[in-house]
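Contents: one structure, followed by commentary.
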Amino acid sequence: MLVNRIRPWIRKLISKKQVAFIEKRRLQDNIVILSEVVDIVSRSKRKNPFFIINLDLEKAYDRVDWKALMGVCRLMNFPEKFIGWVKACLKAANYRCVLNGEQSEVFKSNKGVRQGDPLSPYLFIVLQELLSKLINREVEKGNLKVFKYKGMHISHLLFVDDIIMVIKCCESSCRCLIEVLNFYGKVTNQRINYGKSEVFFPCEFPKKRKEVFSRMLGIKEGGLPIKYLGAYVDKGKISVNVQRQMIEKAENRLESWASKDIFQAGKVVLINSVVNSMPIHTLSIMWINSKIIKEHEKLIRDFLWKLGKKKYGFHLVNWKKVSLCKAEGGLGVKDLNTFKIVIHAKRVLPILNRKDQIWSRLVNARYGDLHPWKKRRSRRIGWAMKGIVSAIEMLREGLKVKIGNGKKTNVWTDPWIESYPIEKWPTFVNMDKIQEVTMVNEFIRNGEWNLNLIKDVLGEEHMCKIRQLYLPSENIEDKWIWCLNRKGKLSCKIAYNFLKRKDYEMGGKKWKWGFLWALNLIPRIKMFLWKFFQGRIPTTELL
Numbered sequence: 000m001l002v003n004r005i006r007p008w009i010r011k012l013i014s015k016k017q018v019a020f021i022e023k024r025r026l027q028d029n030i031v032i033l034s035e036v037v038d039i040v041s042r043s044k045r046k047n048p049f050f051i052i053n054l055d056l057e058k059a060y061d062r063v064d065w066k067a068l069m070g071v072c073r074l075m076n077f078p079e080k081f082i083g084w085v086k087a088c089l090k091a092a093n094y095r096c097v098l099n100g101e102q103s104e105v106f107k108s109n110k111g112v113r114q115g116d117p118l119s120p121y122l123f124i125v126l127q128e129l130l131s132k133l134i135n136r137e138v139e140k141g142n143l144k145v146f147k148y149k150g151m152h153i154s155h156l157l158f159v160d161d162i163i164m165v166i167k168c169c170e171s172s173c174r175c176l177i178e179v180l181n182f183y184g185k186v187t188n189q190r191i192n193y194g195k196s197e198v199f200f201p202c203e204f205p206k207k208r209k210e211v212f213s214r215m216l217g218i219k220e221g222g223l224p225i226k227y228l229g230a231y232v233d234k235g236k237i238s239v240n241v242q243r244q245m246i247e248k249a250e251n252r253l254e255s256w257a258s259k260d261i262f263q264a265g266k267v268v269l270i271n272s273v274v275n276s277m278p279i280h281t282l283s284i285m286w287i288n289s290k291i292i293k294e295h296e297k298l299i300r301d302f303l304w305k306l307g308k309k310k311y312g313f314h315l316v317n318w319k320k321v322s323l324c325k326a327e328g329g330l331g332v333k334d335l336n337t338f339k340i341v342i343h344a345k346r347v348l349p350i351l352n353r354k355d356q357i358w359s360r361l362v363n364a365r366y367g368d369l370h371p372w373k374k375r376r377s378r379r380i381g382w383a384m385k386g387i388v389s390a391i392e393m394l395r396e397g398l399k400v401k402i403g404n405g406k407k408t409n410v411w412t413d414p415w416i417e418s419y420p421i422e423k424w425p426t427f428v429n430m431d432k433i434q435e436v437t438m439v440n441e442f443i444r445n446g447e448w449n450l451n452l453i454k455d456v457l458g459e460e461h462m463c464k465i466r467q468l469y470l471p472s473e474n475i476e477d478k479w480i481w482c483l484n485r486k487g488k489l490s491c492k493i494a495y496n497f498l499k500r501k502d503y504e505m506g507g508k509k510w511k512w513g514f515l516w517a518l519n520l521i522p523r524i525k526m527f528l529w530k531f532f533q534g535r536i537p538t539t540e541l542l
């Protein structure tokens with residue numbers, strides 16, 4: 000009940016630097032930000048550059064001070080009744096210790112929040128908001144000099160007990176940071192785990208100064224790549240050896256199954272539910288080399304078609320057919336070369352619409368306009384951004400601008416009538432009027448389409464299409480949408496089906512595959528029939 004009450008409000012109460020347990024915020028956001036910051040800092044030629052500190056809190060949940068938690072809740076204007084309920088929940092917890100198989104008497108705690116309690120994550124990030132406020136206050140006063148890029152300040156990133164700080168290499172900032180951390184620890188009973196914390200300096204930073212700052216902070220020096228939230232963040236390309244860890248995990252899992260007698264239908268289930276699910280996090284945060292993807296797919300192919308550890312058997316069906324969805328005659332096994340692009344699909348619309356999120360603001364500030372139909376500036380793309388840029392380019396045929404007030408949409412270069420810009424397809428255009436009209440809002444008069452002007456400039460054919468476009472009565476901004484569904488939303492599944500051309504008609508074959516998988520038969524028989532309809536039963540004639 001308490002979780003349901005706090006969840007709708009937590010997004011407004013907690014700063015955007017914290018991405019854990021909050022709807023519409025993802026840990027990948029922080030990884031993208033850190034990747035871009037590392038790339039910018041490593042290229043900087045300043046005399047006093049920035050350094051990155053990766054802090055870890057020691058037993059973060061167990062050390063939560065209840066008085067501090069209640070005080071922060073009051074500062075955030077939580078109702079006293081709600082605070083009383085939270086306090087009652089915390090005090091109601093009972094504990095036992097087991098020593099040599101014998102249980103101790105029940106005892107109560109006077110600090111900490113329970114692991115596994117659905118309320119605990121929200122209480123912890125509420126308490127940690129105090130640290131965010133303290134850092135922001137020192138930044139505003141000018142005592143703590145932090146990373147600044149084109150008007151943006153990025154002082155810290157939070158994900159539960161993992162804290163990233165980006166501060167200037169100067170003694171005053173180091174002292175200020177130490178004071179903030181000491182005050183936060185004194186008030187909340189939190190403690191920095193100096194054994195797991197690291198500080199990362201730019202490569203060209205003098206060795207003696209590295210030792211001075213490292214000693215001042217009491218944190219050991221770390222080296223690139225930075226391991227953060229399961230990702231490896233470096234100033235350039237991630238090494239092949241790091242990427243190959245994805246294959247090693249899958250290989251170990253497949254070897255454990257090799258000694259077992261598993262039918263092909265069961266192998267397909269294991270591939271879809273386990274093996275192809277293992278690299279999802281890696282693919283969402285790193286641009287994996289195609290060579291690594293091929294090695295991963297080879298392991299899967301061998302597991303599907305070959306028998307046990309003897310590694311003999313025939314690859315009866317082409318892998319491209321196997322990776323099709325079941326309605327098109329495949330087995331629904333993911334094509335990872337396609338999936339590594341579409342997994343970034345959810346980030347496409349926020350970037351194009353310039354959403355007020357830290358990661359999208361930083362990306363837009365650094366790379367400018369990532370318009371799907373414009374040539375990208377010849378600028379090196381960061382390793383974490385390659386997947387997002389590829390997704391924008393590959394999915395552009397399904398992207399379109401939904402007109403609001405028309406002030407931000409270019410008549411000629413933006414796709415607002417169809418999913419292609421007007422300049423990309425042959426059409427009647429009045430060349431005398433082309434210089435007079437630039438933005439779509441010039442076609443709008445008193446909240447309605449100026450059909451006479453549209454007809455003069457674009458012709459009658461386009462006028463008929465434009466008059467069918469809905470114009471909102473409110474003065475709202477234009478926004479990019481996915482135009483191939485009614486909701487205008489883009490998801491990984493929609494993007495994957497789009498790239499695999501799932502919606503294309505398959506002639507007379509489509510009904511056959513749907514009929515096959517709908518049969519009330521055991522999966523092993525369905526697998527045999529699938530190979531039969533493919534004409535790939537290993538008979539003497541075929542072999």
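If you read the sequence shown in numbering that gives the first Met the number 0, its first letter stands for residue 0, the second for the next number, and so on. Every residue, glycine too, gets a C-beta built ideally from N, C-alpha and C. Owing to the predicted nature of the structure, the values given are computational and were not obtained by experimental measurement.
So, is residue i buried or exposed, given that buried needs 16 or more other C-beta atoms within 10 angstroms?
| i | result |
| --- | --- |
| F200 | buried |
| N53 | buried |
| C173 | buried |
| I524 | exposed |
| E296 | buried |
| K219 | exposed |
| K58 | exposed |
| K423 | exposed |
| L518 | exposed |
| A249 | buried |
| G506 | Below a pLDDT of 50, predicted positions are generally treated as unreliable, and G506, at 42, falls in that range; the measurement from the model is reported next regardless. Under this definition G506 is an exposed residue. |
| F106 | exposed |
| N29 | buried |
| V239 | exposed |
| E22 | exposed |
Apart from the five residues just before and just after residue i, which ones in its own chain have a Cβ nearer than 6 Å to its Cβ?
| i | result |
| --- | --- |
| F49 | V40, F146, V165 and K167 |
| D38 | K234 and G381 |
| G386 | W286 and H343 |
| A390 | I340, H343, A344 and V347 |
| I292 | L335 and N336 |
| V267 | L330 |
| I453 | F442, M462 and I465 |
| P414 | K399 and P420 |
| L56 | D160 and Q189 |
| E101 | none |
| S283 | Q27 and I342 |
Take residue i as the anchor and find which of the options has the nearest alpha-carbon.
| i | options | result |
| --- | --- | --- |
| C491 | K345, I270 and K423 | K345 |
| M75 | F106, S119, L33 and I5 | I5 |
| K406 | K478, H461, I416 and E22 | K478 |
| Y60 | E178, G100, N251 and D160 | D160 |
| I443 | D455, S418, I421 and L470 | L470 |
| G265 | F532, A326, D368 and I521 | I521 |
| L526 | R379, L323, L498 and F262 | The amino acid at residue 526 is misidentified as Leu; the sequence shows Met. Checking every option, the nearest Cα to that of M526 belongs to F262. |
| K132 | Q27, F77, S14 and F158 | S14 |
| R375 | E392, L361 and N142 | E392 |
| G229 | V241, G221, K236 and P7 | V241 |
| E203 | G222, E327 and K185 | G222 |
| F302 | C324, K259, R379 and W448 | K259 |
Is it true that the CB of residue j sits closer than 9 Å to the CB of residue i?
| i | j | result |
| --- | --- | --- |
| T281 | M245 | yes |
| L216 | I177 | yes |
| V112 | L122 | yes |
| L306 | V274 | no |
| A383 | S34 | yes |
| I421 | L457 | yes |
| G397 | L483 | yes |
| A19 | L157 | yes |
| I32 | V198 | no |
| W556 | G328 | Here the chain comprises residues numbered 0 to 542, so residue 556 is not present and cannot be evaluated. |
| W372 | R353 | no |
| I225 | K16 | no |
Does the beta carbon of residue i fall short of 8 Å from some heavy atom of the ligand COA?
| i | result |
| --- | --- |
| L89 | Inclusion of the ligand COA in the displayed structure is not the case, the ligand content being empty and no account of it being possible. |
Can you name, in chain order, every residue of its own chain whose Cβ lies under 7 Å from the Cβ of residue i, other than the five neighbours on each side?
| i | result |
| --- | --- |
| K144 | I166, K167, C169 and S172 |
| P117 | V2 |
| N440 | N404, G405 and K406 |
| L528 | L515 |
Considering only residues of the same chain and omitting the five flanking positions on each side of residue i, which have a CB-CB separation below 8 Å?
| i | result |
| --- | --- |
| I416 | H461, K464, I465 and L468 |
| M69 | I82, V85 and K86 |
| G446 | L470 and S472 |
| P537 | F313 and L315 |
| request: Return the chain-ordered ranges of every beta strand (DSSP E) run that is complete within the region 374-446 and spans a minimum of 3 residues. | output: 398-401
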